[in-house]
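What follows is a short report on a single structure.
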Amino acid sequence: MGSLPRVSVVSGARTAVPAAPLVTHLQLLRMHDRTALIYSDETCNVRVSYAELEERSNAMGRAIAAYARPVGPNRDNDYVIAVCMQPTHNTILTLLSTWKAGAAYVPMEPSFPQARISHILKDAQPSLIIYDDTANPSMFANSGVPSISFEELTLDASSLPADRLTDREMLATATVDSIAIVLYTSGSTGIPKGVRLPYSAICNRLWWQFRSFPYSDTESVCVWKTALTFVDSVCEIWGPLLHGRTLLIVPKEITRDPQKLVRALDDNRVERLVLVPTLLQSILMYLSLSSEHSLKHLKLWVCSGETLSKDLAARFFQHFGDGYRLANFYGSTEVMGDVTYFVIESSAQLEMFPTIPIGAPLDNSAVYLLDEEMNPSRESEPGEVWVAGQNLAKGYVGGQAPEKFCDNPHAAHPDFSRLYRTGDFGILYKGMILFAGRTDSQVKIRGHRVDLQEVERAVTGVQGVDKGIVLCYGLDRGNPEILAFVTINPNARLNGNHIENALKDALTNYMLPQVFVIDSVPLLVNGKVDRQALLKMYENTNNNDDTVINLDIDYSGVRPEERTKAQILFETVGEVLGRATRGAISLRAGFYELGGNSLNSIYTITRLRDRGYFIEISDFIGASNLGEVLQHLTTNPDSGRDENPKFTVVPMSDSYREDVIEMIVSSFYKKAELEQFLLHEINTRDYAHCVSACWEPLLEAGLSVVLEDSSGSPVAVALNFDARAEPDIELVGGLAKIMTFLEYVESSVRDTMLPEGKGAILHSFMMATASSLSGADNVAAIQALEVATMKIARERRFLGIFTTNTSPLTQQLGTDVLGFQTLLDYQINQYVDSNGDRIFGEAPDDMRAIVCWKPVD
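Given below as structure tokens:
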């Protein structure tokens, strides 16, 4: 198939793919003594060799076939085995055994609500359900499908032969066209549909991966951490095993704890990772709080499942620098997870496109951007994304939604004869495809596709709800939230919490919306729902200062002597989660059940530290409920160690010059928010020049301080000036542009809104910390600098402290904890310099410069 000139049709390379079921490829490996699987939790530490995996899966495959054969195939003539298990080594064994039995597997989470499990069982018509001890067998009781626990199945298999199954022993002879996996995903109708993935699609995706991103000679351990119900798990599991690597199975509690996840990746020298941008954001935030040089082996980061923003990518390269690869994969379950890709190898590539491209097609795949008449759109014009090639699924269970798969009128080769309609818009730009939005109501939440119609139908199905409108907020910011606005029948006694609790039986956790009860639905003049008015209503409500007062806080079970500590904890959690909080905040409530995630857990920990209460990140994230958090919470930041003050405040002197320069460079170069857009114009020497140029005036002013640790080493610095007596210094390049911008936003406040004359305004010019500080100590040091600066301002009789923050974390600390008043909130990408250039034009709309003022008490 050739590319059409100036129209939006793009093809991947044509390559040969080994045509056989994955079991055949696995059996060709000669890795018998090598470790195939590693799994550990609080109860076990297990290693499974390739030889053991081969023998046990053969015997278990025979047992599965014996149970499934009497039931027979489903209406698509597929033998399907439902697997309802948490991710462990036993799960991999079950999946492989299912394939060896000649069947496909359909995964179900043990935590799925009853309605979703019932729907999957009714629709997929599996011949057998295999479950572990985390699943509730009563959920299958009325399905009519036979079920068996993994323990029972293992016992039955122990007496069966461990050699390879013959074709006669299998339920059906597996071929490259056989269905290997059935995955359920929301469809455009709002009803979850089962996607039938054949071995051919899986092989095409995997062998492209092996060619494009080959395993290195040092890459011995890979990780599986993605939920089994999510298509990315297919390549995470079977890619490493097909290449004889060791698969480290990472439990959920580690995946959602950045500290534990980073440690596991480091300990096993993992070199590649697949993750959603939300998790990447959480990891980068954790690394910014940590002094350790972590993840140096992890050279390939693959983002998938959500939109990868340029801001997040820029922060990735700020932290790691060049030499690492950040890949953006695009696709859906219907196209084997990934069908286009774009690899970023340096921050300079981010300037080449208005958004990060979803890229170019994989091998043996093609992407068509078509208009409403199914004609290819012109280059640089949007078109709907249609996909053809060997990555395509065989449709849906029961032949549902046939309009999603259709004949390709543009095919010039049989391999491209079928088209899949993704429901996305795209634009061809400089040979790469840019994502341009959805055509329906589907969004991605933490990597999972969610159909808002499905959520809306569940909301309106709650007894007592009159009308319901479900919207997604914050998708462009990378932190999407599902919102449900409802009106209540006059005789119903319902509130938002009641409705949210009712929805837990119908929707999976990531689909649960925040519910808002409204008096009436706002309408446009044409009678349609005014969705923007509802979103604005949410913004205004969620930004009210009385969030915590209106939260449901339950102190039952709290001992009297811990009441104050519990109040701090509960109110802090409430402040961070705001009106997104689901249910009552109590000892029994889990932070994640209340609506928390890895990112705002770190915000919570930081806020608790700022209020004088300390807890390790792992202790907080690993706690099953707030009662456990309360047990670990302490007022001693160095519990069990010397209780002398952590830092000593000393006036800055000439002896600290080199240390101060080093701290400024490590804190600002490649880390500060503004610098990311001008890194090609900034050198570390520029910061040394800046500090040197103002060094003597800083010493003469006597307003700057240094923090020393217990050994007397300088670990933090605050550079302060009298705002009406700052020296004029000459800077060059990107740093000069940044300082000019800061002067632009600050002067509009300083010269019009603040007291006049020298000795009135203390300008907090720069704060920096040593790279050796831990995350907790870094936060404590910033606090200590703030306290010291306020003390100086008070002693020198300044009227207040003046500063500008561009970091979301320091903005939050400044306004929410340290009591700074916001005098100017400036959208950074609106700034135009004297040359007419919008130098921060690539910054997202929510990136702000906050100019602050704090009066001296």
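Start counting the sequence shown at 1; every next residue gets the next number (UniProt numbering).
Where is the CB? At the ideal position from N, CA and C, for every residue including glycine.
Since this is a predicted model, take the numbers as computed values, not measurements.
Who are the Cβ neighbours of Phe570 in its own chain at under 6 Å, not counting the five residues just before and after it? Ile553 and Ile585
Mind reading off the beta-carbon distance from Thr648 to Gly612? Whole number of angstroms is fine, and I expect it under 8 Å. That belief does not hold up - the Cβ atoms of Thr648 and Gly612 are roughly 19 Å apart, past 8 Å.
Flag this pair as touching only if the segment 478-494 and the segment 218-227 have three or more C-beta atom pairs under 8 Å; answer yes or no. no
Classify Tyr687: buried if its beta carbon has 16 or more other beta carbons within 10 angstroms, exposed otherwise. buried
Nearest neighbour of Ala180, chosen from Leu370, Asp751 and Ser97 [CA to CA]: Ser97
By the 10 Å Cβ neighbour count, where 16 or more other Cβ atoms means buried, how is Pro5 classified, buried or exposed? Only weak support exists for where Pro5 lies, its pLDDT of 40 falling under 50; the coordinates are left without a value.
Output needed for Ser288: all residues of its chain with C-beta closer than 6 Å, excluding positions within five of it in sequence on either side, in chain order. none
Closest to Lys100 by CA distance: which of Ala227, Ala65, Ala768 and Pro110 is it? Ala65
One question on the structure: do Ala19 and His32 come within less than 8 Å of each other, judged by their Cβ atoms? no
Outcome for Glu292 when other beta-carbon atoms lying within 10 angstroms are tallied against a minimum of 16: exposed
On a CA-only basis, which of Leu512, Gln514, Met537 and Asn509 is nearest Val521? Give me that one, please. Met537
Which stretch, first to last residue, makes up the beta strand (DSSP E) that contains Asp407? Phe405 to Asp407
Taking DSSP as the reference, what is the three-state secondary structure of Leu165? coil
If you measure between the beta carbons of Val856 and Arg794, is that distance less than 8 Å? yes
Are Asn391 and Ser365 closer than 8 Å when you measure CB to CB? yes
Locate the beta strand (DSSP E) running through Asp451, then write down its first and last residues. His448 to Asp451
Count the other C-beta atoms from every protein chain shown that fall within 10 angstroms of the C-beta of Arg269, then say buried if there are 16 or more, exposed otherwise. exposed
Quick one: Cα of Thr185 to Cα of Tyr396, how far? 10 Å
Rounded to whole angstroms, what's the CA-CA distance from Arg34 to Arg245? Just pull it up for me. 8 Å
Can the beta-carbon of Pro110 be found less than 8 Å from the beta-carbon of Gln86? yes
When DSSP builds the beta bridges, which residues end up paired with Leu735? BP columns for Leu735 are empty, so no partner.
Verify whether the separation of the beta carbon atoms of Phe820 and Ile828 is less than 8 Å. no
Between Asp642 and the rest of its own chain, which residues show a CB-CB distance below 6 Å, the 5 nearest in sequence each way excluded? The pLDDT assigned to Asp642 is 38, lower than 50, so where the model puts this residue is not dependable; a value taken from the coordinates is nonetheless given after this. So no residue of the chain qualifies.
Helix, strand or coil for Gln390, going by three-state DSSP, please let me know. coil
Quick one: what's got a C-beta closer than 6 Å to Pro755's C-beta in the same chain, skipping five residues either side? Leu799
Taking DSSP as the reference, what is the three-state secondary structure of Ala82? strand
Just to confirm, is the Cβ distance from Gly383 to Phe425 under 8 Å? yes
Classification of Ala776 by the beta-carbon crowding that lies within 10 angstroms, buried from 16 upward: Only weak support is given to the placement of Ala776: the predicted model assigns it a pLDDT of 48, under 50, and the value that follows is read from those uncertain coordinates. Classification for Ala776: buried.
Give the secondary structure of residue 907 by DSSP, where H, G and I count as helix, E and B as strand, and everything else as coil. Residue 907 falls outside the range modelled here, since the chain spans only 1 to 857, and no answer is possible.
Please return the same chain residues whose Cβ sits closer than 6 Å to the Cβ of Ser377, not counting the five positions on each side in sequence. Ser8, Leu369, Asp371 and Gly383
Do you know offhand how far Gly578's Cα is from Val629's? 19 Å
N-terminal and C-terminal residue of the beta strand (DSSP E) that Leu594 is part of: Where Leu594 is concerned, there is no enclosing beta strand (DSSP E), given that its DSSP letter is neither H nor E.
Could you give the residue range of the beta strand (DSSP E) that holds Gln349? Unbroken run through Gln349: none, as it is neither H nor E.
From the beta carbon of Tyr50, is the nearest beta carbon of chain D less than 8 Å away? This model lacks chain D altogether; it includes just one protein chain.
Since Lys646 is in the alpha helix (DSSP H), which residue starts that stretch and which ends it? Run containing Lys646: none; DSSP gives neither H nor E here.
Taking only runs that begin and end inside the segment 643-701, name each unbroken alpha helix (DSSP H) of 4 or more residues, in chain order. 657-668, 684-693 and 695-701
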